[in-house]
Structures are given as C-alpha cells and as structure tokens.
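Visitor: Can you keep this structure in mind? I'll have questions shortly.
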Amino acid sequence: MSELTIPKSEKHLFAPGPTNVPEDIRREVARDLIHHVTPEYAELLWRVTDKLKKIFKTEKYVLSTTATGSAGMEASVVNFFSKGDKVIVLNTGNFGNRYLEICNAYGLKAIDLKYEWGQAYNLEDVKKALAENPDVKGIIVNHSETSTGVLNDVRPLGELTKNTDMLLIVDAISGLIVNEFKFDEWGIDCAVAASQKGFLLPPGLIYFALSEKAKKAMETSDLPKFYFDFQRYFDFLEQGRHPQTPAVNLVVATDYACDYLLGKTIEGMTAHHKMLREYIESELMKLGFRLFVEDEDKRSNTVVPVWGIEGIPCNDLRKKLSEEHNITIAGGYGHLQPHMLRVGNIGKYEKSDIDFLISKMKIVIDEMKAEMNK
1 MSELTIPKSE KHLFAPGPTN VPEDIRREVA RDLIHHVTPE YAELLWRVTD
51 KLKKIFKTEK YVLSTTATGS AGMEASVVNF FSKGDKVIVL NTGNFGNRYL
101 EICNAYGLKA IDLKYEWGQA YNLEDVKKAL AENPDVKGII VNHSETSTGV
151 LNDVRPLGEL TKNTDMLLIV DAISGLIVNE FKFDEWGIDC AVAASQKGFL
201 LPPGLIYFAL SEKAKKAMET SDLPKFYFDF QRYFDFLEQG RHPQTPAVNL
251 VVATDYACDY LLGKTIEGMT AHHKMLREYI ESELMKLGFR LFVEDEDKRS
301 NTVVPVWGIE GIPCNDLRKK LSEEHNITIA GGYGHLQPHM LRVGNIGKYE
351 KSDIDFLISK MKIVIDEMKA EMNK
C-alpha cells in the first residue's frame, strides 16, 4: 500500500485521540454502505478479525463492536468477574481511576493501588497486595495512561498471573501500535483497544483480544451484561455478524487501516512514534516547558505532557493556538488541568508536522510574553 495522504485541512489536531485521520481513510469511511447481514460483510468481519490478531500479536481470540473506549473498559470487567470478586487496580491516573469506578459500580472488591500522577506502578506493591490477598481474581492496568503520559510495563504482571487462575486485564486503548505490545508473549488475558487512537480512524469501534483463560472465565461471571456479553459476540462471529448493527463503514475503514499498519509493520510504527515523541520532548523543552514524566523509561509514545511555562497560563495558550492558528492540543486532567499541556503523538504525523506546531507555539508564547512585559 502506498503512503497515506495527510488531510488538507485548516484544522490541526495534536491531541492524544481522537486524532487526525488520513484522507485515504476518510474515503473508506465514506464508501457506499453494505448490509451487515450478508456474505460480503461476513467475509469483511472475518478478514478484519484476522488482521486485528496480528496487530494485538495474538493467536487467540479477537472481538469487536461499536462503542467508546470507556465502554470497552467496562466490558473488560463485566465479562470475567462476579459480584464480590477481589481485583487489584493499578491506579496511575484518570483512567486507572475510571477502572476503579467501574469495578465499584459492579460490586467488585477493588484494591486501589494508587500512585501520584506521573508515576508508574511499583511491582513490589503488587506482590505485597497479592501476598496479603491470596483470593485476588484479577489485576487491572492501563498500559498507556493517557491522562499523565505514563507507560506501565505489562510484562512483569503477566509473569505474576501466568500459571494461576488470576486474569490480567489491560487497557491498551492509547498504547497499542504506538508502544510495544505483545498479547500472547506477555501473558495478557484481555486487552481493549479503540479506533480513534493508533488505528488512525475516527471514534466508534472498540477491539478486544482474549486468552483461553479469559474465555473460560466468562462461563462463571455473574455480573449483569447484555450489549457487551462476549458470549453473544462469539456466537455471532461464527456467522460473520455482530449481535447488533455495527458501524459498518468503520469496519470497512479498519480493514484498510490494518493493511497500512501491517504493511509498515507494527514494530516500524512503534519506532516512528518513539522517534517523534523524543523530538517533541526536545523541541518543547527548548521553548521552556518541563517534562511531566521524569523517568524516560516510563514515558508513553502516545502523548507528551509538560508543565506550563511560568507566567504563561496553559489554557490561554491553548485558546490562542486554537483561535489564531486552528491548532488543538490537550490540557491536563482534573487538578492538573490549568497547569499542564498534553501534545498528542498518535495519528499520521511526521517531523514536519511537529515543526509546524512548534513554530506556531513559539509565535504565541512570544506574543504572550510581550503582553506580560507591557
């Protein structure tokens, strides 16, 4: 497949999802609809499922449906556990806390291993919690914590859960493709991803990888579910269908995007995003920003969060970038909202795009400093 075309747009989106969608993929989304209960769609769904396995790096099971990433997080809980089950939630940011809220909403006994934002989880804390709670049924973690830019190392968690009945549940929504991810090799039992991140697509689809252990755990789960009942998805997948009407054209676009990603190789895509992340970091520091995640080994390639420049309000900077240059970058989450910026690094970006962003940021910062000094 030839190189994707950057959209010729007046808007410039540098957010950690949704992100800029290449023109080629926009055309796929705009194709004539096909009916979702036809042999043509069945072949499409089976084909996409096989390609998604290659992206997750699994030979096990893959499911997909129409929904948001947060819905995928909920589905990754309700299909495997029962009310009163004890789980460990590695809470390293806003989306770790979201997993905690989901677990609490369904009556699980969630052990909240909470960390200061900007810090990754500590493996010794997990081992201690397991020693004190031998009845734990699962460990739940966000691979790439989008709110803080932290990358949590999944591999040692898989070492803890393999050869046990415990499940390892991973939110890979913003981590997959952009960061290294190996479902089978790392011993993951369920991973959830979403179309609007590394897949270069608009929002609307979520994808799941499941292990044999996870599929077996579905049999004993008693949490309420209907739309997200994975057993129904397995049954319908045999027929080349979803249990309900899917976002057909996003499935079509997923087929196209997977061909592009696999053609570039997932390893190649990850390396490209790492290079861009390091370039963004260096250029932002030249402007006077400070990196939020201090440990380089714990930085996700997905997003570059930085502390604001003294005297330059982050929200004012974002507003001027938007109003004067049609550039969107993200602010901080929660209590950090006024104090930091998050520059997204997922989507179809090249160094020239980063140079454009940095040049406009410098113009705005210089203007704001001039106003301050009047």
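Going left to right, the sequence shown walks through residues 1 to 374 as full-length UniProt numbering numbers them. Every residue gets a Cβ at the ideal spot worked out from N, C-alpha and C, and that includes glycine.
Touching or not, the segment 7-27 and the segment 182-197, by the rule of three or more beta carbon pairs under 8 Å?
Guide: Cβ pair count under 8 Å is three or more, so yes.
Visitor: Here's a check: name, in chain order, each residue in its chain whose Cβ is nearer than 7 Å to the Cβ of G311, leaving out the five neighbours to either side.
Guide: M372
Visitor: Give the range of the alpha helix (DSSP H) segment to which W117 is assigned.
Guide: Where W117 is concerned, there is no enclosing alpha helix (DSSP H), given that its DSSP letter is neither H nor E.
Visitor: Who are W307's beta bridge partners in DSSP?
Guide: R290, M340
Visitor: Go to residue 375, then tell me how far its beta strand (DSSP E) extends in each direction, as first and last residue.
Guide: Here the chain comprises residues numbered 1 to 374, so residue 375 is not present and cannot be evaluated.
Visitor: State the start and end residues of the unbroken alpha helix (DSSP H) segment that holds I177.
Guide: Element bounds for I177: n/a, residue is neither H nor E.
Visitor: Near I111, which residues of its chain fall below 6 Å by C-beta distance, leaving aside the five closest residues on each side in sequence?
Guide: Taking I111 as the centre and dropping the five residues before and after it, the same chain places the C-beta of I88, A129 closer than 6 Å to its C-beta, in chain order.
Visitor: Cα-Cα, which of T38, D24, R26 is closest to F236?
Guide: Ranked by Cα distance from F236, the options T38, D24, R26 are led by T38.
Visitor: Along the chain, where does the alpha helix (DSSP H) that runs through S64 open and close?
Guide: In this chain, S64 is not harboured by any alpha helix (DSSP H); it is covered by the beta strand (DSSP E) spanning 61-66.
Visitor: My parser needs the beta strand (DSSP E) runs of 3 or more residues fully inside the segment 23-97; what are they?
Guide: 61-66, 86-91
Visitor: Please check the pair V62 and T49, which I expect to be a contact at CB under 8 Å, by giving their CB distance rounded to whole angstroms.
Guide: 5 Å
Visitor: On the three-state DSSP scale, how would you describe F236?
Guide: helix
Visitor: If K213 and L167 are in contact, beta carbons under 8 Å, what's the gap, nearest whole angstrom?
Guide: 7 Å
Visitor: Return the CA-CA distance between P203 and K374, expressed in angstroms with no decimal places.
Guide: 44 Å
Visitor: Check residue 382 in the structure and name its three-state DSSP category.
Guide: Shown here, the chain extends from 1 to 374; a query on residue 382 therefore has no answer.
Visitor: What did DSSP end up calling H143 once you bin it into helix, strand or coil?
Guide: coil
Visitor: I need the straight-line Cα distance from I280 to I354, nearest angstrom please.
Guide: 7 Å
Visitor: In the DSSP assignment, find the alpha helix (DSSP H) that holds V364 and state where it starts and stops.
Guide: In this chain, the alpha helix (DSSP H) harbouring V364 covers 351-372.
Visitor: Go ahead and pull the three-state DSSP assignment for R299.
Guide: strand
Visitor: CA-CA distance, P313 and K319?
Guide: 10 Å
Visitor: Quick one: grab the DSSP three-state call for K348.
Guide: Coil.
Visitor: Alpha carbon to alpha carbon, what distance is there between W46 and K298?
Guide: 36 Å
Visitor: Skipping 5 residues on each side, what residues in its chain have a beta carbon closer than 7 Å to that of N152?
Guide: These residues qualify, in order along the chain: L90, T92, A120, Y121, V141, N142, H143, E145.
Visitor: Any contact of the segment 103-117 with the segment 79-87, i.e. 3+ C-beta pairs under 8 Å?
Guide: yes
Visitor: Please state whether the Cβ-Cβ distance between V178 and T270 is less than 8 Å.
Guide: yes
Visitor: Which same chain residues, not among the five before or five after E10, have their C-beta less than 8 Å away from its C-beta?
Guide: Counting only Cβ-Cβ distances below 8 Å, and skipping sequence neighbours, we find N326.
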